[in-house]
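Each residue of the sequence shown is one higher than the last, beginning at 31 in my numbering. Virtual Cβ for every residue (Gly too), placed ideally from N, Cα, C.
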Amino acid sequence: MRLIDVGVEMVGTQGVSALGMRSVCRAAGLSQRFFYESFADTDALLHSVYRTALSRLEEAVAPAVAAGDLHAVFEAAARLMEADPRICRILLVEPVADARLRRYVRETIPAFAIAALGDRIAGSPDDPRVRMHFSALFGAMISLFVEWTEGNLGTDRHAFASHATAVATQLMSDISAAERD
C-alpha cells in the first residue's frame, strides 16, 4: 500500500516527526479522505510502518531462526540493515525517542527474541529480572546495529555477526544465571 511505503520512507529517513497525515498524503499523491479510509490516524499508520519493518526483519532471519543458528540470525539482520538502513532506524533508533514505538517494541520484541534465541534463555519475559536482562541485551544490540548500519564498525559482516553473537551469548547466560538465583 502506498501510504505504508511512504510511511516507511519518511520514518526510515527523517524520523517519526516527519510522519504527518498531510505530508504522507502529499508524498503518496493520495487524498486525505483515502488516508482516513485506510487508517484511523497517524498512530495507526506508524504501527503499520513498524509492523512492515519488523516483518521484513522476521522474513530475513527466518531461515537462521529455523536452523537455530544465532550467528546466522545476526548476519542476516546485518545484511538487511546494510541493504536498507531505514529498517534499522524504524526498529532500533526511533523507538528510543518515541513512546508509541517503544510500546510496539514491548509488545512484539520479546516473542521475536525468544523465537530467535530459542532455548538459550530461561525464564518468562513477564519476570522483571528477565526483562532487565532483555533490556540490556536490546540496548547492546541497538548500539551495535546502529553503528554497523552507519558504517562505523568496518565492512566484515561475519566479524560483526560473531561479535554480536558473543555479546548476546554472554548476556543470555546472565539471564539464565539470574533465573537460577
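Rounded C-alpha distance that separates residue i from residue j
i: methionine 162; j: isoleucine 120; result: 23 Å
i: cysteine 55; j: arginine 81; result: 20 Å
i: histidine 60; j: glutamine 44; result: The residue you asked about is not histidine; residue 60 is leucine in the sequence shown. Taking the straight line from one Cα to the other gives about 20 Å.
i: valine 160; j: threonine 138; result: 16 Å
i: valine 46; j: alanine 57; result: 15 Å
i: leucine 100; j: alanine 107; result: 11 Å
i: valine 79; j: methionine 171; result: 21 Å
i: alanine 191; j: glutamate 105; result: 5 Å
i: glutamine 200; j: phenylalanine 164; result: 12 Å
i: valine 103; j: glycine 42; result: 22 Å
i: aspartate 35; j: leucine 49; result: 12 Å
i: leucine 84; j: leucine 76; result: 12 Å
i: leucine 174; j: glutamate 67; result: 39 Å
i: phenylalanine 65; j: arginine 133; result: 23 Å
i: glycine 153; j: arginine 63; result: 47 Å
i: histidine 188; j: arginine 136; result: 29 Å
Residue i - containing alpha helix (DSSP H), residue span
i: leucine 122; result: It is not in any alpha helix (DSSP H) - leucine 122 carries neither H nor E in the DSSP assignment.
i: aspartate 35; result: 32-43
i: threonine 185; result: Counting along the chain, threonine 185 falls outside any alpha helix (DSSP H), and DSSP gives it neither H nor E.
i: leucine 131; result: 129-147
Where residue i falls: helix, strand or coil (DSSP)
i: phenylalanine 69; result: coil
i: glutamate 112; result: helix
i: glutamate 180; result: coil
i: alanine 50; result: With the sequence shown as reference, residue 50 is identified as glycine, and alanine is not the correct amino acid for it. Residue state, collapsed to three classes: coil.
i: glycine 153; result: coil
i: glycine 59; result: coil
i: glycine 169; result: helix
Original post:
Three or more C-beta pairs closer than 8 Å, one from the region 183-203 and one from the region 116-133: is that the case here?
Top reply: As far as the Cβ criterion goes, the region 183-203 does not touch the region 116-133, which means the pair count is below three.
Subject >> Contact between the region 106-115 and the region 174-182 (3+ Cβ pairs under 8 Å) >> reply: Output reads yes: the region 174-182 touches the region 106-115.
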